[in-house]
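Okay, so the sequence shown: first residue is 106 according to this note's numbering, each after it adds one. Backbone N, C-alpha and C fix where the C-beta goes; we use that ideal spot for every residue, glycine too. To start, the structure itself, in structure tokens.
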Amino acid sequence: MSHCEGCNGCSVDEKVVLIAKKYISVDGGIIAALHEVQDEYGYIPESVQKYLSKELDVPMSDIYGIITFYSRFSLLPKGKYSIEVCMGTACYVKGAEDVLNTFKDELKIKEGEITKDGKFSLECIRCIGACGLAPAIVINEEVYGKMSPDKVREVLSKYN
Ligand code: FES
């Protein structure tokens with residue numbers, strides 16, 4: 106663990122220190138740094154955002170803007186299996202809300218949460234470009250289309 110000078114005890118591990126060093130004098134390096142952090146932790150913890158903000162001299166509001174703009178970045182930890190339910194227009198019209206609610210009921214979590222065993226996390230995302238398969242979901246890198254409440258249970262059983 107390493108502490109950034111002058112901050113009130115936020116701490117990051119050595120990997121983050123190295124990532125910051127790598128991009129400290131690279132123009133626009135913050136995005137590349139955030140990619141590395143996302144790959145390393147599966148999300149971008151607030152303590153890391155603060156550290157990168159200070160080291161790379163990028164305002165926290167800009168970092169937050171980048172993280173929330175790109176769907177690849179996450180502010181929350183993800184489960185071993187990260188379930189993303191597309192809530193884009195085509196999916197919404199074809200029943201994405203029922204799909205989302207079935208995941209919530211089956212996993213006993215809300216969107217943005219992670220199951221107690223850390224196995225599943227649930228999030229809503231924007232269009233993933235698979236509108237022909239609406240309603241669509243993504244679990245880790247795998248896309249599942251034509252979802253329905255029954256198919257939610259079927260898909261979940263693959264991971265249980
Ligand atoms: S709206 Fe869901 S894939 Fe396009």
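Neighbour-count burial assignment, residue i, 16 or more Cβ in a 10 Å radius
{"i": "Y156", "result": "buried"}
{"i": "L161", "result": "buried"}
{"i": "L180", "result": "exposed"}
{"i": "M252", "result": "buried"}
{"i": "L227", "result": "buried"}
{"i": "G193", "result": "buried"}
{"i": "T173", "result": "exposed"}
{"i": "S262", "result": "exposed"}
{"i": "S158", "result": "buried"}
{"i": "I129", "result": "exposed"}
Nonlocal neighbours in the same chain, by C-beta distance under 8 Å from residue i, ignoring five residues either side
{"i": "E247", "result": "none"}
{"i": "R231", "result": "S176, C191, M192, G193"}
Close Cβ partners of residue i (< 6 Å) along its chain, the five nearest in sequence each way excluded
{"i": "A239", "result": "A195, C196, K199"}
{"i": "K127", "result": "none"}
{"i": "Y266", "result": "Lying before the first or after the last residue shown, residue 266 is absent from the chain, which here runs from 106 to 265."}
{"i": "E141", "result": "I124"}
{"i": "Q154", "result": "I168"}
Inter-residue CB distance, residue i and residue j (contact presumed, cutoff 8 Å)
{"i": "G184", "j": "K224", "result": "5 Å"}
{"i": "V131", "j": "A137", "result": "7 Å"}
{"i": "E182", "j": "I219", "result": "In the sequence under discussion, the amino acid at residue 182 is Pro, which differs from the Glu named in the question. Contact flag correct, Cβ pair sits at about 6 Å."}
{"i": "F178", "j": "I149", "result": "6 Å"}
CA nearest to the CA of residue i, picked from the options
{"i": "G217", "options": "S187, C236, S152, A201", "result": "S187"}
{"i": "E83", "options": "S262, V257, N265", "result": "Missing from the structure shown is residue 83; the chain here goes from 106 to 265 and no further."}
{"i": "D255", "options": "E211, Y264, G147", "result": "E211"}
{"i": "G133", "options": "S152, D167, Y146", "result": "D167"}
{"i": "L205", "options": "C229, K221, D222", "result": "C229"}
{"i": "N265", "options": "Y146, I233, D222, G170", "result": "D222"}
{"i": "C236", "options": "A201, K213, G147, N245", "result": "A201"}
{"i": "I171", "options": "G147, E145, E151, L139", "result": "L139"}
Residue-level contact to chain D via CB, residue i, 7 Å cutoff
{"i": "I188", "result": "Included in the structure is just one protein chain, with no chain D present."}
Neighbourhood of residue i by C-beta, 7 Å cutoff - its chain only, sequence neighbours within 5 removed
{"i": "N245", "result": "Y186, S187"}
Return the chain-ordered ranges of every alpha helix (DSSP H) run that is complete within the segment 155-213 and spans a minimum of 4 residues. 165-174, 194-198, 201-212
What are the uninterrupted segments assigned as alpha helix (DSSP H) that are 4 or more residues long and contained completely in the segment 126-160, given in chain order? 134-146, 151-160
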